[in-house]
Amino acid sequence: MSETIAACQLPDVQDDTAATLEQIIRYTETASRQGIDVLCFPECYLQGYTRDKQLAEQRAIELKGAAFREILGRTATYSTTLIIGLIERRESKLYNTAAIIRQGELLGTYRKTHPNENIFEAGGDFPVFTTDELKFGVNICNDANYPEAADKLLEGNPRVIFYPLNNRLPLETAAKWRSKHVQNLIDRATQTKCWVVSSDIVCKDEKAVGYGFTAIVSPEGKIIAQAEKLTEQMITAIV
């Protein structure tokens with residue numbers, strides 16, 4: 000049975016969860032109207048990605064806390080399953096986490112297993128989630144550089160692997176890494192024989208740029224859909 004999947008490419012927002020939650024709800028409403036089964040948002044999108052430990056400590060939320068309960072409540076009426084990137088506090092540790100939410104219920108989490116930020120603990124689990132007829136797993140950004148992270152998901156027999164990304168990069172290296180991300184995701188698709196879906200941010204200032212590499216890649220390594228560079232957009236595909 001075919002399912003419709005989608006990924007958002009969104010402007011980077013720092014330290015404004017009210018604004019990012021409104022964006023999440025806006026796209027969730029659209030996805031739900033269009034009958035989209037799973038919608039992916041970028042890495043750490045909720046609070047804004049950071050490598051600064053003090054900022055991360057200030058922004059982090061607990062999944063049993065009031066801030067996260069608000070997200071569950073606001074998304075309860077929509078049929079689309081959501082993958083939301085956030086900074087999670089669990090006990091005294093911080094995690095770069097993707098929360099999987101369906102109709103106001105937390106189905107589970109994936110915590111980045113190869114964080115290239117020393118402020119985050121590495122996750123150790125590779126869950127596969129099922130919604131209706133679709134099985135999917137999640138890796139996060141730098142995990143795409145490690146084929147074994149995708150291989151671990153294959154034990155659960157997923158059809159799709161989602162990759163929340165956050166590629167705000169120095170001006171001098173951004174173009175090189177954009178092409179490298181293309182090849183990484185193609186490699187993970189052909190390696191696993193899964194659909195691969197990425198969701199990235201866009202931004203530009205005097206020091207850095209996020210071109211955005213939001214794409215859907217077939218198991219054969221063909222790019223089926225790709226967002227425009229530096230453009231807010233939602234892309235979809237039937238898998």
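If you're matching positions, the sequence shown starts at 0 in numbering that gives the first Met the number 0 and goes up one per residue.
Glycine included, every Cβ here is placed at the ideal spot set by N, Cα and C.
Within the same chain, show all residues whose beta-carbon is closer than 7 Å to that of K43, passing over the 5 residues directly before and after it, in chain order.
Taking the sequence shown and counting its residues from 1, one reaches residue 43 at position 44. Correcting the residue type first, residue 43 is Cys in the shown sequence and not Lys. Taken in chain order, the residues that qualify are G84, L85, I86, N95 and N165.
Under 7 Å between the Cβ atoms of C7 and F161?
As a working note, residue 7 is residue 8 in the sequence shown. As a working note, residue 161 is residue 162 in the sequence shown. Going by C-beta atoms, C7 is not nearer than 7 Å to F161.
Between T112 and E28, what straight-line distance do the alpha-carbon atoms span, to the nearest angstrom?
Sequence index remark: in the sequence shown, residue 112 carries index 113 (1-based). Sequence index remark: in the sequence shown, residue 28 carries index 29 (1-based). Those two C-alpha atoms are separated by around 31 Å.
Which residue comes first and which comes last in the beta strand (DSSP E) that contains R167?
The residue labelled residue 167 in the question sits at position 168 within the sequence shown. No beta strand (DSSP E) contains R167, which DSSP labels as neither H nor E.
By the three-class DSSP mapping on this structure, what secondary structure does F241 have?
Beyond the ends of the chain as shown, which are 0 and 238, falls residue 241; an answer cannot be given.
Mind checking which residues open and close the alpha helix (DSSP H) that includes Q22?
The residue given as residue 22 occupies position 23 in the sequence shown. Start and end: T16 to R32.
Compare the beta carbon distance of A226 and Q232 with 7 Å and say whether it is the shorter of the two.
Counting from 1 along the sequence shown, the entry for residue 226 is found at position 227. Counting from 1 along the sequence shown, the entry for residue 232 is found at position 233. Closer than 7 Å, so yes.
Exposure label - A75; buried when at least 16 CB within 10 Å:
The residue you call residue 75 lines up with position 76 of the sequence shown. By the neighbour-count rule (16 or more Cβ atoms within 10 Å), A75 is not buried but exposed.
Could you give the C-beta distance for V216 and G209, rounded to a whole number, given that I count them as a contact under 8 Å?
As a working mapping, residue 216 is identified with position 217 in the sequence shown. As a working mapping, residue 209 is identified with position 210 in the sequence shown. With a Cβ gap of about 20 Å, V216 and G209 do not count as contacting.
Do you know whose CA, among F119, R68, Y48 and E69, lies nearest S91's CA?
Your numbering for residue 91 matches position 92 in the sequence shown. Of the listed residues, the one whose Cα sits closest to S91 is F119.
Can you tell me whether DSSP reads K228 as helix, strand or coil?
Along the sequence shown, one-based indexing puts residue 228 at 229. Three-state result, K228: coil.
Tell me which same chain residues have a C-beta within less than 7 Å of the C-beta of K52, skipping the five on either side of it?
Translated into positions along the sequence shown, residue 52 becomes position 53. Cβ neighbours of K52 beyond the five flanking positions: I118.
I60 versus D11 - alpha carbon distance
Translated into positions along the sequence shown, residue 60 becomes position 61. Translated into positions along the sequence shown, residue 11 becomes position 12. Computed Cα separation, rounded: 19 Å.
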